[in-house]
Amino acid sequence: PFLLLLLLLLLLGAARRRGSPGAAPQGAAAASPPRRGAVPRPLPPPAPSPPAAAAPSGRRRREAGAMREYKVVVLGSGGVGKSALTVQFVTGSFIEKYDPTIEDFYRKEIEVDSSPSVLEILDTAGTEQFASMRDLYIKNGQGFILVYSLVNQQSFQDIKPMRDQIIRVKRYERVPMILVGNKVDLEGEREVSFGEGKALAEEWSCPFMETSAKNKASVDELFAEIVRQMNYAAQPNGDEPAAAAPRPGGHARGDGIGKKFIVVEMWLFSASTFRPVSVMAYFLSVSAAGAGA
């Protein structure tokens, strides 16, 4: 009877196991279903990514890139308005009082044909006292503005040897330069005709412009055109600039920085004859509040 009872219990347990096929195996953890009405726990927010660097604007990209720097030399006799033209371009003001210039230096940013450049403008002395220093200015210069006064025939004649000096120092003729007849606002006192200036510019194969520093007539166009001439000359496969008609479109910005150069000469004397044998010139730059014509 005991064995029969044991066999009956074994059969009953086997029947129960067959009746529950979806039961989890022994030792396995059963997943508890979510409770009704329970709110799922939100996932933690992702870590913030570092901010992306803002893309520079078109102007900043150009400024950060290869911005060209040019040295422009303004030549002409005294009183023709070299300083007045330069100061009008740099500061937008006109110099009423004439103050003979020794040497003035200005720096100005200009954008021509969507290409920015920085101009270093040297306003030279118009007197013969400092004519010996022109070779140094011309050697370092890249573009030249030759200015005469429309109301002074002699200043028109004086500009010709200055151009010859540029060709001699540079050793080639196609140098970026512009011939400028200034003081067109004094039309009633004109001594040099438009045709004379144009003919000389055609002989030199360079642009010609008439300007007024007082009224700012064609002043910005003048400096924009010399930049175009220098841009053309700076091209890798380009020759020196040919003559071109002045075109508008130059846009200047930034503050000009003026410096006045004082020339200090030191003579060297022979010990035996006490005669000067050579001269050396030095430049001291000091701040200049204004400039002369």
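Heads up: the sequence shown is residues -19 to -1, 1 to 274, going by mature numbering (1 follows the signal peptide of the UniProt record, and there is no 0). C-beta: ideal position from N, C-alpha, C; glycine also.
Use the C-beta contact count for G176: other C-beta atoms within 10 angstroms, 16 or more gives buried, fewer gives exposed.
-> exposed
Let me know the alpha helix (DSSP H) ranges lying completely inside the stretch 117 to 159, each 4 residues or longer, listed in chain order.
-> 134 to 151
Three-way DSSP call (helix, strand, coil) for Y79 in this model = coil
Just the C-alpha distance for G73 and N133, rounded to the nearest angstrom, thanks.
-> 25 Å
Grab the span of the beta strand (DSSP E) containing M211 for me, first residue to last.
-> Premise fails: M211 lies in the alpha helix (DSSP H), V200 to A214, not in any beta strand (DSSP E).
Are L167 and C187 touching if we call contact CB-CB under 7 Å?
-> no
Three-pair Cβ contact test at 8 Å for the stretch 50 to 64 versus the stretch 99 to 106 | yes
Hey, would you say I140 sits closer than 7 Å to L127, going by beta carbons?
-> yes
On the DSSP bridge assignment, give the partners of P97 in chain order.
-> E92
Limits of the unbroken alpha helix (DSSP H) element including residue 277 | Here the chain has residues from -19 to 274 only, and residue 277 is not among them.
Tell me whether the beta-carbon of A214 lies closer than 7 Å to the beta-carbon of P157.
-> yes
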